[in-house]
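Student:
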Amino acid sequence: GSFPCKKEGFLTLGHEFAGTVDAVGSAVKNFKLGQKVAVDPNSACDKCTFCHEGSYQHCSTGGINNTIGIFRDGGFSTHAVIPETQVHLVSDDVDLQQAALVEPLSCLAHGWKRLNGVNVGSNVLVIGAGIIGLLWACMLHLHGLRKSVTISEPQEKRRELVNNL
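Residue numbers for the sequence shown follow the working numbering, beginning at 163 and rising by one.
#1: Near G231, which residues of its chain fall below 7 Å by C-beta distance, leaving aside the five closest residues on each side in sequence?
#2: Using C-beta distances below 6 Å, list every residue in its chain close to V264, excluding the 5 sequence neighbours before and after it, in chain order.
#3: Pick out the complete beta strand (DSSP E) segments inside the region 286-322, 3 residues or longer, and give them in chain order.
#4: Would you decide whether T229 is buried or exposed? Buried here means 16 or more other CB atoms lie within 10 Å of its CB.
#5: Beta-carbon within less than 7 Å of I293's beta-carbon, same chain only, minus the 5 sequence neighbours each way: which residues are those?
#6: If you run the structure through DSSP and keep just helix, strand and coil, what is A185?
#7: Just the Cα atoms here: how many angstroms apart are S268 and L323?
#8: So L251 packs on A180, CB below 8 Å; how close in whole Å?
#9: Nearest to T240 by alpha carbon, out of E215, V183, P316?
#10: So P245 and S205 are in contact, right, with Cβ under 8 Å, and what is the actual spacing, rounded?
#11: Would you say the region 299-312 touches the region 275-290, given that touching needs at least three Cβ pairs under 8 Å?
#12: Does the Cβ of G279 have 16 or more other Cβ atoms within 10 Å, making it buried, or fewer, making it exposed?
#13: E318 and G290 - do their beta-carbons sit closer together than 8 Å?
Structure follows, in structure tokens:
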């Protein structure tokens, strides 16, 4: 298979990130220097069916072909230029490393809503122990699924991490 991404020129990766506002454009109304922010890597055209359904990550104009860190420079750089509509204020008492989990946690929230029926006693298979898989394991554990979750992971180092959760 293939994964859609920028095919020409250079690209700085990183679609799950947070940071501190270092500069603002003249049209920016909601943010000021020094504020902590989290970034939504997906944009919307606000015109297509996907956008109207709230699934703007599938928007062919914005989301899927314009994602920060996949089609546009992302969070592995020292600075990133992000449209105001894709920036969300983070409370001062939240650490930036925690705030960087906003995007992967939003994926879990979306998935949890779609599952709508995982109860204690359900058997669950989580495929992969990357950030999303580990967050799923933690969330399922918090919802009482402590003995019925299996995590499939080929990398020994990640399997060890899972066993230490």
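Don't be surprised by glycine CBs; every beta carbon is placed ideally from N, CA and C.
Just so it is clear, the structure is predicted and the values come from calculations on it, not from any experiment.
Tutor: According to the structure data:
#1: L175, G176, H177, P203, G237
#2: A200
#3: 286-289, 311-314
#4: buried
#5: P266
#6: coil
#7: 23 Å
#8: The pair is not a contact, with the Cβ atoms about 11 Å apart (cut-off 8 Å).
#9: V183
#10: 7 Å
#11: yes
#12: exposed
#13: no
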